[in-house]
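Participant:
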Amino acid sequence: MKTKIITITDPETIQKLYRMGAIPQIVESTIIPPILAAYLSERGVAGTPEDAKNIIAEQMKNDKLAEDKLIIVRHLWSKGYVCRMSNEVSDGEGDSAPAFNFIRVHQKGLRAGEDRTKYAVLVVPKEWATDLKGINKLFEASGKLRKELILAYVYENAVKFIRIGRATFE
-7 MKTKIITITD PETIQKLYRM GAIPQIVEST IIPPILAAYL SERGVAGTPE DAKNIIAEQM
53 KNDKLAEDKL IIVRHLWSKG YVCRMSNEVS DGEGDSAPAF NFIRVHQKGL RAGEDRTKYA
113 VLVVPKEWAT DLKGINKLFE ASGKLRKELI LAYVYENAVK FIRIGRATFE
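All letters in the sequence shown, in the order written, are residues -7 to 162 by the working numbering.
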């Protein structure tokens, strides 16, 4: 599933997005993934709360986790973490390989123009299950970003995070 994007060309809005860390550089026009656009619309940075509702309603048609993604992005920003949405990242096993849309979470204290992604957060449904092959595919995809893998889900109106890592004994 390819994610639709929203183009922003207003110079004042682009300046705001840059200052808050939502985009890495000032450009004439920028594209914003819908989940981030919905969050920014809720905050009145790039749109209105009504725009946010419309964006999420449209996203829910193709992505059952769109609302959960917005809740998680909202939670992370409220805790001082700058979030950007990654493009689809494949695990590298050809055209049939699953693609993952990670939320790239930056270190606290990110300054405008910096790109210090620390975590690759994957939103999963609360009843999600996988096997070792699935976990390895996640590691391959997050490894391409060279970031720490975190699973996130919404359970009883609370955001939960699970850190997953590899260990080697040499």
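Backbone N, C-alpha and C fix where the C-beta goes; we use that ideal spot for every residue, glycine too.
Might you give, ordered along the chain, the residues of its own chain that have their beta carbon closer than 6 Å to the beta carbon of Lys152, omitting 5 neighbours on each side?
Facilitator: In the sequence shown, residue 152 corresponds to position 160, counting from 1. Once the five neighbours on either side are set aside, the close Cβ partners of Lys152 are Tyr145.
Participant: How about Leu137 and Ile156: do their beta carbons lie closer than 7 Å?
Facilitator: In the sequence shown, the residue the question calls residue 137 occupies position 145. In the sequence shown, the residue the question calls residue 156 occupies position 164. No; because the gap between Cβ atoms is not below 7 Å, this pair is not in contact.
Participant: Along the chain, where does the alpha helix (DSSP H) containing Lys125 start, and where does it finish?
Facilitator: Taking the first residue of the sequence shown as position 1, residue 125 is located at position 133. That run of the alpha helix (DSSP H) goes Leu124 to Leu137.
Participant: So the candidates are Asn93, Val97 and Ile6; which of them puts its Cα closest to the Cα of Lys110?
Facilitator: Locating residue 110 in the sequence shown gives position 118, counting from the first residue. Answer by Cα proximity: Val97.
Participant: Let me make sure I understand the geometry here. Which of Ile154, Gly36 and Ser70 has the alpha-carbon closest to that of Ile127?
Facilitator: The sequence position of residue 127 within the sequence shown is 135, counting from 1. Comparing Cα-Cα distances from Ile127 to each of Ile154, Gly36 and Ser70, the minimum goes to Ile154.
Participant: Less than 7 Å between the beta carbons of Ser21 and Thr(-1), yes or no?
Facilitator: Here residue 21 refers to the residue found at position 29 when the sequence shown is read from its first residue. Here residue -1 refers to the residue found at position 7 when the sequence shown is read from its first residue. Yes. Within cutoff.
Participant: Note the first and the last residue of the continuous alpha helix (DSSP H) segment covering Tyr10.
Facilitator: On the sequence shown, residue 10 is found 18 positions in, with the first residue counted as 1. Pro3 to Arg11 is the extent of the alpha helix (DSSP H) around Tyr10.
Participant: Starting from Leu114, follow the beta strand (DSSP E) in both directions and report where the run begins and ends.
Facilitator: As a position in the sequence shown, residue 114 is number 122, starting the count at 1. From DSSP, the beta strand (DSSP E) with Leu114 extends over Thr109 to Val115.
Participant: For Trp120 and Tyr147, I'd like the C-alpha separation in whole angstroms.
Facilitator: Here residue 120 refers to the residue found at position 128 when the sequence shown is read from its first residue. Here residue 147 refers to the residue found at position 155 when the sequence shown is read from its first residue. Looking at the two C-alpha atoms, the distance is approximately 12 Å.
Participant: The beta strand (DSSP E) spanning Lys45 covers which residue range?
Facilitator: As a first step, residue 45 is located in the sequence shown; it is residue number 53 there, counting from the start. No beta strand (DSSP E) holds Lys45; the alpha helix (DSSP H) holding it covers Pro41 to Met52.
Participant: With a threshold of 6 Å on Cβ separation, who are the neighbours of Asp43 within its own chain once the five nearest residues in sequence on each side are excluded?
Facilitator: For the purposes of this step, residue 43 is taken as residue 51 along the sequence shown, with counting starting at 1. These residues qualify, in order along the chain: Ser33.
Participant: Going by C-alpha to C-alpha distance, which of Ile18, Pro16 and Pro41 sits closest to Ile27?
Facilitator: By one-based count along the sequence shown, residue 27 stands at place 35. It is Pro41.
Participant: Run through DSSP, which three-state label would Val97 get?
Facilitator: Position 105 of the sequence shown, counted from the start, is the residue given in the question as residue 97. Correct three-state label for Val97: strand.
Participant: Between which two residues does the alpha helix (DSSP H) containing Glu59 stretch?
Facilitator: Counting from one through the sequence shown, the residue named residue 59 turns up at place 67. Looking at the DSSP string, the run of the alpha helix (DSSP H) that includes Glu59 is Ala58 to Ser70.
Participant: Closer than 6 Å by C-beta to Val116: which residues in its own chain qualify, once you throw out the five before and the five after it? Chain order, please.
Facilitator: In the sequence shown, residue 116 corresponds to position 124, counting from 1. Once the five neighbours on either side are set aside, the close Cβ partners of Val116 are Leu143 and Tyr145.
Participant: Given this structure, state the Cα-to-Cα distance separating Gly39 from Phe161, to the nearest angstrom.
Facilitator: As a first step, residue 39 must be located in the sequence shown, where it is residue number 47. As a first step, residue 161 must be located in the sequence shown, where it is residue number 169. Computed Cα separation, rounded: 51 Å.
Participant: According to DSSP, is Glu200 part of a helix, a strand, or is it coil?
Facilitator: The structure shown does not extend to residue 200, since the chain is modelled only from -7 through 162, so no value can be given for it.
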